[in-house]
Each structure stands twice: as C-alpha cells, then as structure tokens.
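There are 4 protein chains.
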Amino acid sequence: MDAMMMGAMSKDMMSMPDMADMDMAMMQECMDACSACEQACTICSMQMMSCAPACMNCADMCNTMMRAMMRMQGMTKPVMMSMLDACIAMCQMCMDACMEHADHSEICKMCAQSCKACMDACSKMRDAMMATA
Amino acid sequence: MDAMMMGAMSKDMMSMPDMADMDMAMMQECMDACSACEQACTICSMQMMSCAPACMNCADMCNTMMRAMMRMQGMTKPVMMSMLDACIAMCQMCMDACMEHADHSEICKMCAQSCKACMDACSKMRDAMMATA
Amino acid sequence: MDAMMMGAMSKDMMSMPDMADMDMAMMQECMDACSACEQACTICSMQMMSCAPACMNCADMCNTMMRAMMRMQGMTKPVMMSMLDACIAMCQMCMDACMEHADHSEICKMCAQSCKACMDACSKMRDAMMATA
Amino acid sequence: MDAMMMGAMSKDMMSMPDMADMDMAMMQECMDACSACEQACTICSMQMMSCAPACMNCADMCNTMMRAMMRMQGMTKPVMMSMLDACIAMCQMCMDACMEHADHSEICKMCAQSCKACMDACSKMRDAMMATA
Chain A
12 MDAMMMGAMS KDMMSMPDMA DMDMAMMQEC MDACSACEQA CTICSMQMMS CAPACMNCAD
72 MCNTMMRAMM RMQGMTKPVM MSMLDACIAM CQMCMDACME HADHSEICKM CAQSCKACMD
132 ACSKMRDAMM ATA
Chain B
12 MDAMMMGAMS KDMMSMPDMA DMDMAMMQEC MDACSACEQA CTICSMQMMS CAPACMNCAD
72 MCNTMMRAMM RMQGMTKPVM MSMLDACIAM CQMCMDACME HADHSEICKM CAQSCKACMD
132 ACSKMRDAMM ATA
Chain C
12 MDAMMMGAMS KDMMSMPDMA DMDMAMMQEC MDACSACEQA CTICSMQMMS CAPACMNCAD
72 MCNTMMRAMM RMQGMTKPVM MSMLDACIAM CQMCMDACME HADHSEICKM CAQSCKACMD
132 ACSKMRDAMM ATA
Chain D
12 MDAMMMGAMS KDMMSMPDMA DMDMAMMQEC MDACSACEQA CTICSMQMMS CAPACMNCAD
72 MCNTMMRAMM RMQGMTKPVM MSMLDACIAM CQMCMDACME HADHSEICKM CAQSCKACMD
132 ACSKMRDAMM ATA
C-alpha cells in the first residue's frame with residue numbers, strides 16, 4: 012500500500028484502545044501480501060488446472076482478510092486471530108495444490124510463492140497479536 | 012438458493028471423496044444464511060452507526076464463506092472448519108455491535124438476527140464436519 | 012431479500028431526494044436476481060468449462076451491482092445507469108457462453124437462465140431510471 | 012502487480028485472438044490503479060463521513076474491474092468497455108464526494124487522488140480499446 016495512506020490510516024488506528032500496540036509495518040506487509048496473493052490466485056485460476064477452485068477460494072479469503080485489516084474499527088483481537096487462522100489454512104491448501112503443477116506451470120509456481128508469502132505474513136501477525144492478547 | 016440448482020450442485024459434490032457424507036440440506040441452509048447476512052450487514056452499514064465497520068467486515072466474510080461452500084472442490088474439511096470458525100466469530104462480534112442499537116434501530120435489530128442465524132447455521136455445519144472428520 | 016429488511020431499507024431510501032420516485036418492489040426484484048445470478052455463476056464456474064471465466068466475472072459484477080443497490084446513498088442515477096449497463100452486458104455475455112453447453116450441462120442451462128433473469132431485471136431498472144432521470 | 016506474474020499472464024493473453032493487440036503495460040497500470048483505489052476507498056470509508064457510501068461502492072467496483080482484467084478469457088471488448096465506463100463513472104463520483112472533505116481530511120484527499128488515477132487509467136484503457144475495436 013501507498014506509504015502516505017498507510018501513515019494516515021495508522022494515526023487513526025493508534026487511537027483505538029485495543030490497537031495501540033500494533034506493529035504497523037508488519038500490518039502493512041501483511042495487507043500487501045494478501046493483495047498480491049489475491050491477484051496471483053485470480054490469474055492462476057484462469058489456467059483451469061486442478062488448483063483453480065482452491066485459487067478462487069484463496070483469492071476471496073485474501074481480499075476479505077486485507078479489507079478486515081483496513082477496518083480494524085470493526086474487529087477485536089480474537090476475531091482477527093480467527094480470521095488469520097482461516098487465511099493461513101486457505102493459503103497453505105492453495106499452495107499445496109499449486110505446487111503439484113509448479114514444474115509445468117510458471118504461473119502455478121509464482122502463485123504458490125504468493126500463497127507462501129501471505130501465509131508467513133499472516134502467521135507473523137497472528138503471533139504478534141497472540142503475544143499482546 | 013434455488014432448489015434445482017442446489018440439486019445439480021449436490022450431485023457434483025457427492026462424487027468428491029471427502030464430501031459424500033455431507034448433509035446437503037444443512038449446507039444449503041448455511042449458504043442461504045450467509046447470503047442473507049451479507050445483505051443485512053451491507054444495508055445496516057449504511058446507517059453509519061458504531062456497528063458499521065463490523066457490518067462491513069461481516070458482509071465480506073459471509074460472502075467469502077458462501078462462495079467457499081459453493082466451491083468445495085477447492086476445500087478440505089480442516090480448511091472449511093477454520094473458515095467456519097472465523098465466520099462464526101465475525102458474526103458473533105457483529106451481532107453484539109448491532110444489539111447495542113437494537114432498541115433504536117429496526118435495521119440493527121434485523122441485522123443482529125441475521126448474524127445470529129448465520130452463526131447458528133455455521134456452527135451446525137462445523138459440528139457436523141467435526142463429527143465426520 | 013427479507014421483506015421486513017427491504018421495508019426498513021426503503022424507508023431510509025425514500026428520504027433521499029434523488030430516490031423518492033424509485034419503485035422499491037422493482038429494486039428488490041433486481042437485487043434478488045443479482046444475488047441468484049452470483050450464486051449460479053459461482054457454481055457454474057466449478058465445472059471448468061469454457062464459460063468459467065465469464066461466470067467468474069459475472070459473479071463479481073452481480074455482487075457489486077447488488078451491493079450498490081443497497082448503498083444508494085453512495086450513488087447517483089447516472090452512475091447507477093452506467094453500472095446497470097455494465098451488468099447487463101456482462102450477464103448477456105455469460106448467458107451466451109453458458110448456452111453453448113446448455114444441452115450437455117444442467118448447471119449451464121440454469122446459469123444461463125439466471126443470467127437472463129438478472130439481465131431482464133437490470134434492464135427494467137435501467138428503463139425506469141431513464142424515464143425519471 | 013508483480014512484474015514476473017504480469018509477464019506470465021501476458022503470454023497467455025497474447026494467444027487470445029481478441030487480445031493480441033492489447034498494450035500490456037497499460038493494462039498493468041490500470042490493474043494497479045484499481046487495486047490502489049480499492050484500498051484507499053476501503054480506508055476512507057472508515058472515517059464515516061458523507062463520502063463513505065460512495066467509497067464502499069467504488070471499492071467493490073474497482074475490485075471487480077481489476078479481476079475482470081485478470082480474466083480477459085471471460086471478456087469481450089464491448090463488455091470490457093462497458094465495465095470501464097461504469098468504473099470511470101463510479102470513480103468520478105467518489106472523487107467528487109471525497110473532494111468535499113479534502114481540506115479537512117488527509118485520507119479523503121488521498122482517496123480522491125486514487126480515484127482520479129484510477130479514472131484516468133481506465134479512460135486510457137477504454138480509448139485504446141475503442142481505437143482497435
């Protein structure tokens with residue numbers, strides 16, 4: 012995301028009682044990883060390979076996850092952690108499905124990498140929230 | 012959802028090894044509850060009350076949940092249960108936020124009811140999946 | 012959509028200067044047709060036939076269209092008509108793509124019917140808005 | 012979007028009869044503008060100012076637009092142009108709504124800029140498609 016927009020959004024978020032201890036750089040990284048994963052999955056699903064249904068589910072979940080991070084006013088830490096768990100599980104499953112074609116399809120390989128990056132970013136967020144919950 | 016479409020979809024789903032024991036009537040009920048909750052939350056968010064951010068998050072999560080149930084080819088039971096958990100947590104949170112205005116706003120009251128119905132339908136699905144996992 | 016929710020939403024909408032002359036029954040019919048079309052297209056895309064990319068585009072457009080009708084506070088008639096045009100064009104294209112398989116696939120046949128119904132409901136809305144623009 | 016992913020996607024797209032003459036750099040710019048606009052609008056809507064309903068509509072339309080460009084297999088040029096028209100109209104309306112608060116809100120100012128950038132990128136795409144239609 013745009014750095015200036017992130018800055019303005021962070022200022023708003025810092026004033027929320029539950030969110031003052033949130034690491035904003037980590038959160039931005041996570042939103043960017045969700046956005047990149049939605050895009051990679053959407054493109055990958057167009058190949059109509061066996062991973063396509065997982066890719067479509069993963070694209071929707073990543074978009075929902077990204078938006079939820081932009082709307083922390085409508086979140087609590089426990090709900091956030093539950094959504095991160097779902098997003099991590101979805102990304103893992105999609106990555107596994109894409110890895111089966113990684114040798115034959117450059118797009119699947121890149122999609123699997125995006126899923127891995129999103130999974131890692133969400134796990135990092137989850138661990139940080141857990142530590143301060 | 013349309014009964015004939017549900018019938019045609021069920022036939023496809025029954026041929027998936029993991030899904031043969033799925034209760035299709037229960038699943039249809041859950042998809043319909045997700046769809047109704049997305050709609051109620053979208054309308055409720057327009058009131059610009061304090062529940063609006065939760066309503067927006069809940070609308071997106073419910074849509075993603077509904078679509079995932081229509082794309083079980085791209086799902087496993089554990090991922091599905093993780094998403095159901097997230098949807099249940101989100102609906103609960105949104106219901107609580109809307110209940111604070113239920114005395115003043117007819118829309119909030121109805122939105123809270125939709126959230127409750129969606130939460131219950133997802134919990135039922137989750138319990139059934141757990142039992143056969 | 013739930014009739015009581017529609018009633019509550021209509022009351023809010025009637026107070027908008029631009030929307031007082033909107034036919035709410037027609038609008039509800041259109042939102043329901045968009046919702047049904049999103050669902051049919053999502054299911055149809057799982058067949059991985061040649062219509063799948065059109066179905067995915069159509070599902071997203073119909074969801075966006077439905078939500079926009081629930082958020083008329085963030086709309087003007089000209090923007091609404093432009094979005095209805097896009098939705099009509101998308102539904103027409105998806106219907107054509109599905110009709111090519113209607114003899115072989117019950118799901119494609121039903122999806123084409125949902126696209127047709129959505130196209131017709133959007134056209135009706137568009138004509139009504141044009142008449143009062 | 013990631014440059015390597017765009018490269019891989021372009022190769023697929025070039026093989027479509029209708030899309031061989033598409034300017035891929037222009038398209039990537041447009042997808043990125045849609046993605047940035049969805050994010051800005053989602054954040055801006057959290058301010059619960061009068062532009063919020065327009066921002067929510069714009070976020071959904073921009074996401075649908077971006078995805079449609081990633082799924083050109085399910086598009087024709089006329090449908091694409093119709094969707095670009097709708098997206099341009101929506102961005103224009105949202106920009107106008109946000110500009111009313113640009114003096115008071117840094118977020119509204121940035122959101123209006125994102126809407127403008129998306130509007131311009133979509134217009135460029137539309138003109139290019141028109142020229143080759």
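Chains as they are written, first to last, in the numbering used here: chain A, 12 to 144; chain B, 12 to 144; chain C, 12 to 144; chain D, 12 to 144.
Idealized CB from N, CA, C, for every residue including glycine.
Please read these numbers as outputs of a predicted model, since none were measured by experiment.
Simplified DSSP state of residue i, which is helix, strand or coil
i	result
A31(B)	coil
Q124(C)	helix
R145(C)	The structure shown has nothing for residue 145(C), since chain C only spans 12 to 144.
R82(B)	coil
T87(B)	coil
M57(C)	coil
D13(A)	coil
A44(B)	helix
C102(B)	helix
A144(A)	coil
S116(D)	coil
E111(A)	coil
S26(A)	coil
C129(A)	helix
C66(C)	helix
Chain D residues whose Cβ lies nearer than 9 Å to that of residue i
i	result
P4(B)	Outside the modelled stretch of chain B, which goes from 12 to 144, sits residue 4(B), for which no answer is possible.
R78(C)	M67, N68, D71
Contact set between residue i and chain C, taken where Cβ atoms lie within less than 7 Å
i	result
A108(A)	Within chain C, no residue comes near A108(A); the closest Cβ sits about 14 Å away, beyond 7 Å.
A19(D)	Simply none; closest approach about 17 Å.
E117(B)	A19
S93(D)	D96, A97, A100
Contacts of residue i in chain D (Cβ-Cβ under 7 Å)
i	result
A63(B)	M59
I54(A)	M16, M20, M81
Contact list for residue i against chain A, beta-carbon separation under 7 Å
i	result
T145(B)	The question about residue 145(B) has no answer, for chain B in this structure spans 12 to 144.
Residue i versus residue j: straight-line alpha-carbon distance, rounded
i	j	result
K88(C)	A100(D)	11 Å
D131(B)	A51(D)	34 Å
T45(A)	C66(A)	Inspection of the sequence shows that residue 45(A) is occupied by Cys rather than by Thr. So the alpha carbons of these two residues sit roughly 13 Å apart.
Q124(B)	Q103(B)	11 Å
C48(B)	M92(A)	21 Å
N121(C)	D114(C)	The sequence shown places Met at residue 121(C), not Asn. Distance between the alpha carbons of M121(C) and D114(C): 11 Å.
A108(C)	S116(D)	46 Å
A144(B)	A31(B)	12 Å
C73(C)	C98(C)	7 Å
D71(B)	M76(A)	9 Å
M16(A)	M140(D)	32 Å
M110(A)	D138(A)	26 Å
D29(B)	M136(B)	15 Å
C126(D)	S21(B)	42 Å
S56(C)	M57(D)	33 Å
C133(B)	M25(D)	43 Å
L95(A)	L95(B)	12 Å
Residue i: contacting residues in chain D (beta-carbon distance under 8 Å)
i	result
M86(C)	P64, A65, N68, M104
S46(A)	S46, Q50
Under 8 Å by beta carbon: chain B residues contacting residue i
i	result
R82(A)	P64, M67, N68
Residue i CB to nearest heavy atom of the ligand FMN below 7 Å
i	result
A47(D)	As far as ligands go, the structure on display features none, and thus does not contain the ligand FMN.
Partner residues on chain C for residue i, Cβ-Cβ distance less than 9 Å
i	result
M121(B)	D13, M15, M16, A19
- Task: Report yes or no: do the segment 61-78 of chain C and the segment 30-38 of chain C share at least 3 C-beta pairs separated by less than 8 Å?
- Result: no
- Give a yes or no on contact between the segment 76-83 of chain A and the segment 75-89 of chain C, applying the rule of three or more CB pairs nearer than 8 Å. no
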